[in-house]
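Structure record follows, encoded as structure tokens.
Number of protein chains: 2
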Amino acid sequence: MIKRDKIMLTGKKTLALTTILFAGVSAFAMSDMDLVKKVTKAGIKPIPSSKMEILKLVDDPKNPITDRKVELGKKLYFEPRLSKSGLISCNTCHNLAAGGVDGVAAAIGHKWTANPHHLNSPTVYNSVLNKAQFWDGRSPHLEDQAQGPIQAGPEMAAPAKLVVQRVTSMPGYVNEFKNTYGSSVKIDFKLIADTIAVFERTLVTPSSFDDFLNGNLDALTSEQKEGLNLFIDKGCTSCHNDIGLGGTMQAFEVAKKYKFASLGDFKGDKNGMVKTPTLRNIEETAPYFHNGGIWSLSEAVKEMGSVQLGLTISDKDAAKITTFLKTLTGEKPTIIYPILPVSTNKTPKPEFN
Amino acid sequence: MIKRDKIMLTGKKTLALTTILFAGVSAFAMSDMDLVKKVTKAGIKPIPSSKMEILKLVDDPKNPITDRKVELGKKLYFEPRLSKSGLISCNTCHNLAAGGVDGVAAAIGHKWTANPHHLNSPTVYNSVLNKAQFWDGRSPHLEDQAQGPIQAGPEMAAPAKLVVQRVTSMPGYVNEFKNTYGSSVKIDFKLIADTIAVFERTLVTPSSFDDFLNGNLDALTSEQKEGLNLFIDKGCTSCHNDIGLGGTMQAFEVAKKYKFASLGDFKGDKNGMVKTPTLRNIEETAPYFHNGGIWSLSEAVKEMGSVQLGLTISDKDAAKITTFLKTLTGEKPTIIYPILPVSTNKTPKPEFN
């Protein structure tokens, strides 16, 4: 057996020969180490392989992760009583069973209201890796982001005061906040959102792509490697880079050129910039784009090539890139479904107005 | 230490003395064994203490429980794509994190439609112990019941054909059905509902009340025992009996006398009979009654006394009975939140009409 990471080849001809000799049936001609270098040069980084390193990556000294915060944050994440109606939780639109999304084009919230700008729910998985939150990047981190949808009229529609009244009416929550933050804790809306954010920080999903970049060069098939190479060659990494393969603000041409540009009225932030969505778990997060206009992943690849890169990507190449994109489907953290605290006579009732 | 199950006392005076001597602060004067006998005579049975016996209790030879069916049924139970919109799962209205219910008066379904008869979602926990399903008892078992809400217009609103198309469009599901039922399996709507029902059969929640009846006479406090005794003396067990403390069809006076009788148009089945809801986990399943008219458990106790038994139950006695009712809050099975199969280009899209 050949130690692949020892092979350092540069010439194209030699590569082709090596491929025939050592890589068997693959038509893709590049050494694995060269591909890793190319990926790295394109600005992509893996999720680290050690749990300690992942923790370091996702932790924030201003709101450090603890086991108790994660457990309490999980309950709050699945808590429908944080919504005005008592029916909608964070998990309703960011379903951890379904790629961290709701699988519909525009988010549906309180009283079955569609997002007024026809915006699609982004995945919560790996959202900690985003440099900004929301499609227009208006929120710097998850602690801030988590406050938004709870209060937004077409989403959970709950005033901050109602949320605090609901939570503090339940001894089960009050005791858990005390156990988590100390007996003199003041349970306010910010702390509730901060605690949810800590849980969300843990939702990182390493995949076979990370295994490959972390040194297991057999973690991808040669077809997947070929797709990855094409993904870089086409220029997709000019926006989809870093650990999240996305998550930074980028100039966004969609409003002008995108096939479904007329769906909704989103124009990006004040400078026409939009958050590039992560490509991690992209296989699970259809429909695609800010307005959920496209359902097919390979069609989305072609559309992005055309709109953002000025390229015509053939069906064949789009299929190859899609083959690579599926290697970004990661392993999800095991989540034990929580048992939520019991309401009391003091718990404010569901409201449907 | 006194072995309580050896004490066999009959005289009231002796009991009172025994209580003072051995039971400490309790004002409740009856030997534990006598109370167990009284409970048994009132027609109440415990959930067995051994897992094998529970399995025997909930299994159905026509649709036997297997680990694979339970695992697949769990996925389907949490599967929002079984609904027309792709947003509502069984768990939406029967939330396993929240006592198996939705915590609102009348169920809210497709397009935010309230149940047209203003009916409250019954808990799925221990529903296998019911002798009939639905408030009007029209369904004989969970396999049949599970077909209802998926198709019902104001609930999940999905025609059976659409459900089958969705499920069979996903190789993840098709493979799991093959692994569960054999490679020649025909995935039809009935089999999907049957598989959900198998998962639901496992949702049994033994509590300290069962521990008490199964011989751990210290499992209840003397206040809880006093409430239990009162629960029987008041006649609550004439309807709330058997293992489920409910679940049989009973004549129902609510339509005539109940305080909130005007809320909705439910009149029971054609004979005016209605399914007595289980009292297990009743602490977690407010609001109460078929139309969710009452939120306070002790108020519900008083209302039932008045409407069904012709009794005025004092606030003090209602509080005592409520203290007992909370012993029916059971231990929930540990549920690992599932990761659902990925949609494909063939999966029928969400429909919002």
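Those protein sequence lines, which keep their order, are chains S and X. Sequential numbering of the first sequence, starting at 1, is according to this note's numbering. Sequential numbering of the second sequence, starting at 1001, is according to this note's numbering. We treat Cβ as the ideally placed atom computed from N, Cα and C, and that holds for glycine. Everything numeric in this text was worked out from a predicted model, so none of it was measured.
Same chain, Cβ closer than 6 Å to residue i, neighbours up to 5 away in sequence not counted
{"i": "proline 350/S", "result": "Ser85, Gly86"}
Three-state class that DSSP yields for residue i in the structure shown
{"i": "valine 1101/X", "result": "strand"}
{"i": "valine 1204/X", "result": "coil"}
{"i": "glycine 1148/X", "result": "helix"}
{"i": "alanine 106/S", "result": "coil"}
{"i": "threonine 1276/X", "result": "coil"}
{"i": "threonine 1168/X", "result": "helix"}
{"i": "isoleucine 196/S", "result": "helix"}
{"i": "isoleucine 1336/X", "result": "strand"}
{"i": "asparagine 175/S", "result": "helix"}
{"i": "aspartate 1216/X", "result": "A small fix is needed here, since residue 1216/X is asparagine in this sequence, not aspartate. Three-state result, asparagine 1216/X: coil."}
{"i": "asparagine 95/S", "result": "strand"}
{"i": "alanine 158/S", "result": "coil"}
{"i": "alanine 1023/X", "result": "Since pLDDT at alanine 1023/X reaches only 45, below the 50 mark, its modelled position is unreliable, and the value read off the structure follows with that caveat. Correct three-state label for alanine 1023/X: coil."}
{"i": "tyrosine 125/S", "result": "coil"}
{"i": "leucine 1072/X", "result": "helix"}
{"i": "asparagine 1229/X", "result": "helix"}
{"i": "proline 46/S", "result": "coil"}
{"i": "isoleucine 88/S", "result": "coil"}
{"i": "glycine 153/S", "result": "coil"}
{"i": "threonine 1237/X", "result": "helix"}
{"i": "serine 184/S", "result": "coil"}
{"i": "tyrosine 1077/X", "result": "helix"}
{"i": "phenylalanine 1352/X", "result": "coil"}
Contact with chain A by residue i, beta-carbon distance below 7 Å
{"i": "tyrosine 125/S", "result": "Absent from the structure is chain A; the protein chains it does hold are S and X."}
Close Cβ partners of residue i (< 7 Å) along its chain, the five nearest in sequence each way excluded
{"i": "glutamine 145/S", "result": "Gln133, Phe134, Ser139"}
{"i": "proline 338/S", "result": "Lys74, Lys75, Phe78"}
{"i": "glycine 1244/X", "result": "Asn1126, Leu1129, Asn1130, Thr1278, Arg1280"}
{"i": "valine 25/S", "result": "Interpretation of valine 25/S is limited by its pLDDT of 46, a score under 50 that renders its predicted location unreliable; the figure taken from the coordinates is listed afterwards. Excluding residues within five positions, none has a Cβ falling inside 7 Å."}
{"i": "leucine 311/S", "result": "Lys234, Gly305"}
{"i": "arginine 68/S", "result": "Asn179, Thr180"}
{"i": "histidine 1240/X", "result": "Gly1246, Thr1276, Leu1279"}
Close-in-space but distant-in-sequence residues of the same chain around residue i (CB under 8 Å, 5 per side omitted)
{"i": "glycine 1293/X", "result": "Ala1105, Tyr1258, Lys1259, Phe1260, Leu1263, Pro1287"}
{"i": "leucine 1213/X", "result": "Val1036, Val1039, Thr1040, Ile1044, Lys1045, Pro1046"}
{"i": "alanine 1319/X", "result": "Ser1298"}
{"i": "glutamate 331/S", "result": "Thr205, Pro206, Ser207"}
Length of the line joining the Cα atoms of residue i and residue j
{"i": "glycine 73/S", "j": "valine 1101/X", "result": "21 Å"}
{"i": "aspartate 1315/X", "j": "alanine 1300/X", "result": "11 Å"}
{"i": "proline 1154/X", "j": "alanine 1114/X", "result": "7 Å"}
{"i": "aspartate 1265/X", "j": "leucine 1119/X", "result": "9 Å"}
{"i": "phenylalanine 352/S", "j": "alanine 107/S", "result": "18 Å"}
{"i": "proline 1206/X", "j": "asparagine 1216/X", "result": "13 Å"}
{"i": "threonine 248/S", "j": "valine 274/S", "result": "8 Å"}
{"i": "valine 1163/X", "j": "phenylalanine 1189/X", "result": "7 Å"}
{"i": "glutamate 71/S", "j": "asparagine 179/S", "result": "11 Å"}
{"i": "threonine 123/S", "j": "valine 1167/X", "result": "23 Å"}
{"i": "aspartate 1218/X", "j": "lysine 1051/X", "result": "21 Å"}
{"i": "methionine 156/S", "j": "isoleucine 88/S", "result": "6 Å"}
{"i": "aspartate 242/S", "j": "isoleucine 232/S", "result": "13 Å"}
{"i": "leucine 340/S", "j": "glutamate 1284/X", "result": "9 Å"}
{"i": "alanine 97/S", "j": "isoleucine 1313/X", "result": "46 Å"}
{"i": "lysine 6/S", "j": "serine 49/S", "result": "Legend: pLDDT at lysine 6/S = 35, less than 50; position of this residue unreliable, value from coordinates given subsequently. Their backbone Cα atoms lie some 21 Å apart in a straight line."}
{"i": "methionine 1033/X", "j": "lysine 1225/X", "result": "11 Å"}
{"i": "phenylalanine 22/S", "j": "threonine 323/S", "result": "The pLDDT assigned to phenylalanine 22/S is 45, lower than 50, so where the model puts this residue is not dependable; a value taken from the coordinates is nonetheless given after this. Distance between the alpha carbons of phenylalanine 22/S and threonine 323/S is about 22 Å."}
Residues that DSSP places opposite residue i in a beta bridge
{"i": "lysine 1190/X", "result": "According to DSSP, lysine 1190/X bridges with nothing at all."}
{"i": "isoleucine 1294/X", "result": "Tyr1288/X"}
{"i": "asparagine 130/S", "result": "DSSP, once it has assigned bridges, lists no residue as partnering asparagine 130/S."}
{"i": "methionine 1249/X", "result": "Lys1275/X"}
{"i": "serine 1139/X", "result": "Gln1133/X"}
{"i": "alanine 114/S", "result": "Ile108/S"}
Contact test: residue i Cβ vs the ligand GTP heavy atom, cutoff 6 Å
{"i": "lysine 1349/X", "result": "Looking for the ligand GTP in the displayed structure turns up nothing, as the structure carries no ligands at all."}
Under 9 Å (Cβ pairs) to chain S, residues found in the segment 1058 to 1084 of chain X: Lys1075, Phe1078, Glu1079, Pro1080, Arg1081
Selection of the segment 1030 to 1051 of chain X by Cβ proximity to chain S, strictly under 8 Å: none
Listed from N- to C-terminal order along the chain, which residues in the segment 1177 to 1201 of chain X have their beta-carbon within a distance smaller than 9 Å of any beta-carbon of chain S? none
Pull out every residue of the segment 99 to 110 of chain S whose Cβ sits closer than 7 Å to any Cβ of chain X, in chain order. Asp102, Gly103, Val104, Ile108
Near-chain X residues of the segment 146 to 165 of chain S - C-beta to any C-beta below 9 Å: none
Tell me which residues of the segment 1224 to 1246 of chain X have at least one Cβ-Cβ distance to chain S shorter than 9 Å, keeping chain order. none
In the segment 125 to 140 of chain S, which residues sit with their C-beta less than 8 Å from some C-beta in chain X, listed in chain order? none
Using Cβ-Cβ distances below 7 Å, what residues of the segment 320 to 336 of chain S are close to chain X? Lys332, Thr334, Ile335, Ile336
Listed in chain order, which residues of the segment 1299 to 1311 of chain X have Cβ atoms closer than 7 Å to some Cβ of chain S? none
Listed from N- to C-terminal order along the chain, which residues in the segment 283 to 297 of chain S have their beta-carbon within a distance smaller than 9 Å of any beta-carbon of chain X? Glu283, Glu284, Ala286, Pro287, Trp295, Ser296, Leu297
If you measure beta-carbon to beta-carbon, which residues of the segment 1340 to 1351 of chain X are closer than 8 Å to chain S? Leu1340, Val1342, Ser1343, Asn1345, Lys1349, Pro1350
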